[in-house]
Amino acid sequence: MTTPALLPLSGRRIPPLNLGPPSFPHHRATLRLSEKFILLLILSAFITLCFGAFFFLPDSSKHKRFDLGLEDVLIPHVDTGKGAKNPGVFLIHGPDEHRHREEEERLRNKIRADHEKALEEAKEKLKKSREEIRAEIQTEKNKVAQDIKTKEKKPLPPVSIPKLIGISGGDPEDTDIRKKRDKIKEMMKYAWDNYRLYGWGHNELRPIAKKGHSTNIFGSSQMGATIVDALDTLYIMGLHDEFRDGQKWVEDNLDFSVNSEVSVFEVNIRFIGGLLAAYYLSEEEIFKVKAVQLAEKLLPAFNTPTGIPWAMVNLKSGVGRNWGWASAGSSILAEFGTLHMEFVHLSYLTGDPVYYKKVMHIRKLLQKMDRPNGLYPNYLNPRTGRWGQYHTSVGGLGDSFYEYLLKAWLMSDKSDHEARKMYDDAIEAIEKHLIKKSRGGLTFIGEWKNGHLEKKMGHLACFAGGMFALGADGSRDKAGHYLELGAEIARTCHESYDRTALKLGPESFKFDGAVEAVAVRQAEKYYILRPEVIETYWYLWRFTHDPRYRQWGWEATLAIEKYCRVSGGFSGVKDVYSSTPAHDDVQQSFFLAETLKYLYLLFSSDDLLPLDHWVFNTEAHLCFVYMDHCRSQSGEGTCRPGPLKSTWQGAT
Numbered sequence: 019m020t021t022p023a024l025l026p027l028s029g030r031r032i033p034p035l036n037l038g039p040p041s042f043p044h045h046r047a048t049l050r051l052s053e054k055f056i057l058l059l060i061l062s063a064f065i066t067l068c069f070g071a072f073f074f075l076p077d078s079s080k081h082k083r084f085d086l087g088l089e090d091v092l093i094p095h096v097d098t099g100k101g102a103k104n105p106g107v108f109l110i111h112g113p114d115e116h117r118h119r120e121e122e123e124r125l126r127n128k129i130r131a132d133h134e135k136a137l138e139e140a141k142e143k144l145k146k147s148r149e150e151i152r153a154e155i156q157t158e159k160n161k162v163a164q165d166i167k168t169k170e171k172k173p174l175p176p177v178s179i180p181k182l183i184g185i186s187g188g189d190p191e192d193t194d195i196r197k198k199r200d201k202i203k204e205m206m207k208y209a210w211d212n213y214r215l216y217g218w219g220h221n222e223l224r225p226i227a228k229k230g231h232s233t234n235i236f237g238s239s240q241m242g243a244t245i246v247d248a249l250d251t252l253y254i255m256g257l258h259d260e261f262r263d264g265q266k267w268v269e270d271n272l273d274f275s276v277n278s279e280v281s282v283f284e285v286n287i288r289f290i291g292g293l294l295a296a297y298y299l300s301e302e303e304i305f306k307v308k309a310v311q312l313a314e315k316l317l318p319a320f321n322t323p324t325g326i327p328w329a330m331v332n333l334k335s336g337v338g339r340n341w342g343w344a345s346a347g348s349s350i351l352a353e354f355g356t357l358h359m360e361f362v363h364l365s366y367l368t369g370d371p372v373y374y375k376k377v378m379h380i381r382k383l384l385q386k387m388d389r390p391n392g393l394y395p396n397y398l399n400p401r402t403g404r405w406g407q408y409h410t411s412v413g414g415l416g417d418s419f420y421e422y423l424l425k426a427w428l429m430s431d432k433s434d435h436e437a438r439k440m441y442d443d444a445i446e447a448i449e450k451h452l453i454k455k456s457r458g459g460l461t462f463i464g465e466w467k468n469g470h471l472e473k474k475m476g477h478l479a480c481f482a483g484g485m486f487a488l489g490a491d492g493s494r495d496k497a498g499h500y501l502e503l504g505a506e507i508a509r510t511c512h513e514s515y516d517r518t519a520l521k522l523g524p525e526s527f528k529f530d531g532a533v534e535a536v537a538v539r540q541a542e543k544y545y546i547l548r549p550e551v552i553e554t555y556w557y558l559w560r561f562t563h564d565p566r567y568r569q570w571g572w573e574a575t576l577a578i579e580k581y582c583r584v585s586g587g588f589s590g591v592k593d594v595y596s597s598t599p600a601h602d603d604v605q606q607s608f609f610l611a612e613t614l615k616y617l618y619l620l621f622s623s624d625d626l627l628p629l630d631h632w633v634f635n636t637e638a639h640l641c642f643v644y645m646d647h648c649r650s651q652s653g654e655g656t657c658r659p660g661p662l663k664s665t666w667q668g669a670t
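Taking the numbering used here, the leading residue of the sequence shown gets 19, the next gets one more, and so forth.
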């Protein structure tokens, strides 16, 4: 139950009391001297009570906060008695009691001075009329608004971008493969054109109703999520007219100074990730400027006792909160653990280490915490710094946290050994406790709930096949093992598609008894244009060139074309086991950002976005690897540290 907040004075409407005709023939705008004196006494007593109560509070030396993983005592405590039972108490000024009492006296004097200053300010306020006070408030508001505008117009420092490799081309030599890639490009254009026609500026599209659509992750504002999410896909497909249309909308309409509560995780991976990718590909400054503007709006979400960010933040007020359903007000591992890639790049682009420090603080805190069976639970309370419900998954709520540990290492040109160790340790525990083989020989990733394994795998967890393959190189002498594990996960997820009527996979599927890779509950039978299975096919194709992955990817392409294409775009379906499925009437923004991008890359040659130069965020947006500027494809030249390496080392 949510406790209702008190309305501000400006929002309350109190009916006036009817006391008969007025005693005076005219309205009096100011208070009498005696009335002012009484008000002043009341105000003085209230302030004295508030400040005086501070000295009667009980000792609170046990209250602590987290600062980059270090615990500092908020209020110091001195044991004056000899042979104190708690000699290990932290002291701000050391064991010298005299020095501590001097500091306490200075604190008392400061409080008295602040008290007197507050009284003087109150006296001055009482001398002014209502009109004068309103004018002062309006002046202050205008000043704040002007400061915000000045900050937004302040140019960002110039930064050098390494030579970008493989951002166009990728034409396959095989004619049949080229036709398949052209078909996927046509699907992208169809999805974009219909959004342009029916949902332009809205976050997403309802392709059957032919109108805009949005969900609560984007708040109440229409921020063009599909436009931002699709930009880099349009660019690498060579749809440059469409890219320029999106750029024009971003420049003219994308505004983050709105009174709207958004998901920190979602706007980070979709908006900041999408804008940064568009900037790196096109070098158009507007994308960088907008990414930084949004990032500044997200920073208040980190104002928690632990530094673990809230799940939601109001872009205007900066007020944050967590989802009501998330384990007693906890933050979610996959959300606060999926900020690292974008925030490190933000520090590089702005020269401001604050973004880097925020995400490194999260990492340091997690490193210090105990983990049951070596597993990271999905919930962490941002107030107490304690785990919530002991539920671990590589699917929803946990997935991209592990992905970003690996990709932080890759993005650093494999120099962030701390991230790699955290990834290896986590995967070792996951393989021990969560990865099992069914009676039918299918390898699946279950979910750990309160000490028990639930034999259910979500579509979201199917990304892990690609992750295991991507992380095979650099693993602890187990490269072949993890490449094979990735292939086994890919096979299981393909089976979840192949065992449906539509050849599209359900949201989750069971491995209980005779039921394998099949959804049981009606609520788990839907397909919402998700990309994770296609993503794994692409990574396995890149590392093995096994033709089965292209074959499986084309099967999924034909199924999407046949069952999801509607008159106004592409829609998800409600039951993949029904040969005549109903549609959910939503064209998800990630369909353009991820699903179609991974399909296009699956049927492109390897020189398009080579993996030794590019890393994809969890929304399939591009981040370049911290490459040395002088490094060429032939490896010639003497190299010096790349730009992001210096940021990495200098901000610790």
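Where a beta carbon is used, it is the ideal one built from N, C-alpha and C, also for glycine.
Quantities reported herein were computed from a predicted structural model and do not represent experimental measurements.
Quiz item: CB Gly416 to CB Ala352, shorter than 8 angstroms?
Solution: yes
Check: Would you report the Cα separation of Val337 and Val276, rounded to the nearest angstrom?
Finding: 13 angstroms
- Task: Measure the C-alpha to C-alpha separation of Ile202 and Thr575 and round it to an integer number of angstroms.
- Result: 8 angstroms
- Looking only at C-alpha atoms, which of Asp564, Trp556 and Met241 sits nearest to Gly483? Trp556
Could you tell me if Glu149 is buried or exposed, where buried requires 16 or more neighbouring beta carbons within 10 angstroms of its beta carbon? exposed
Exercise for the section: Answer with buried or exposed for Trp559, where buried requires no fewer than 16 other C-beta atoms within 10 angstroms of its C-beta. Expected result: buried
Quiz prompt | Alpha carbon of Arg152 to alpha carbon of Lys146, nearest angstrom | solution = 10 angstroms
Requested in this report: Evaluate Arg224 with the Cβ neighbour count: other Cβ atoms within 10 Å of its Cβ, from every protein chain shown; 16 or more gives buried, anything less gives exposed.
Outcome: buried
Can you pull the DSSP bridge partners for Cys641? Val633
Requested in this report: For the beta strand (DSSP E) containing Met205, list its first residue and its last residue.
Outcome: Careful: Met205 lies outside any beta strand (DSSP E), inside the alpha helix (DSSP H) at Thr193 to Tyr216.
So who's on the other strand from Gln605, going by DSSP bridges? Leu223
Does the Cβ-Cβ distance between Asp247 and Arg288 come in under 8 angstroms?
yes
Q: Using alpha carbons as the reference points, say which of Lys197, Ser239, Tyr253 and Gly219 lies closest to Glu269.
A: Gly219
Taking 8 angstroms as the threshold (C-beta atoms), are Val594 and Thr510 in contact?
no
* Excluding five sequence neighbours on each side, which residues of the same chain lie with their C-beta closer than 7 angstroms to the C-beta of Ala313? -> Ile290, Leu364 and Tyr373
**As assigned by DSSP and simplified to three states, the class of Arg339** = strand
Worksheet item: Would Val177 pass as a contact of Leu299 if the rule is Cβ separation under 8 angstroms?
Response: no
| message | Only counting the same chain, and skipping five residues up and downstream in sequence, which positions put a Cβ closer than 6 angstroms to that of Phe529? | response | Ser456, Phe462 and Lys473
Pairing CB atoms from the region 567-586 with CB atoms from the region 521-540, are three or more of them under 8 angstroms? yes
Problem set entry | Candidates His631, Trp632 and Asp625: closest to Gly188 by CA position | Asp625
Applying the 10 Å Cβ sphere with the 16-neighbour rule, what's the burial state of Thr193?
exposed
_Applying the 10 Å Cβ sphere with the 16-neighbour rule, what's the burial state of Met387?_
exposed
From the DSSP output, which residues share a beta bridge with Asn332?
Glu279
task = Compute the Euclidean distance between the alpha carbons of Met485 and Leu501, then round it to the nearest angstrom.
result = 9 angstroms
**Report entry** Endpoints, the beta strand (DSSP E) within which Gln474 is located
**Finding:** The question names Gln, but residue 474 is Lys in the sequence shown. Lys474 to Gly476 is the span of the beta strand (DSSP E), which, as asked, contains Lys474.
**Request:** Using DSSP bridges, identify the partner residues of Glu465.
**Result:** Glu472
Subject >> Backbone secondary structure at His409 - three-state DSSP >> reply: strand
query: With contact counted as at least three CB pairs below 8 angstroms, one residue from each stretch, are the region 330-347 and the region 404-414 in contact?
result: yes
The region 422-430 in contact with the region 629-643 per 3-pair CB rule at 8 angstroms | yes
- prompt: By a C-beta neighbour count over all protein chains shown, 10 Å radius and 16 as the cutoff for buried, is Phe621 buried or exposed?
  reply: buried
- Item | Presumed contact (8 angstroms Cβ cut-off) between Val331 and Ala319, rounded CB distance | 4 angstroms
Notebook entry, point to check: Can you tell me the Cα-Cα spacing of Ser62 and His133, whole angstroms?
Noted result: 9 angstroms
Where does Phe274 land, buried or exposed, given buried means 16+ other C-beta within 10 angstroms? buried
task: Quick one: give me the first and last residue of the beta strand (DSSP E) that Gly230 is part of.
output: Lys229 to His231
Discussion item. Considering only DSSP beta bridges, list what Glu534 is partnered with.
Written reply: Phe529
| Among Lys432, Gly469, Leu478 and Asp259, which has the Cα closest to the Cα of Pro395? | Gly469
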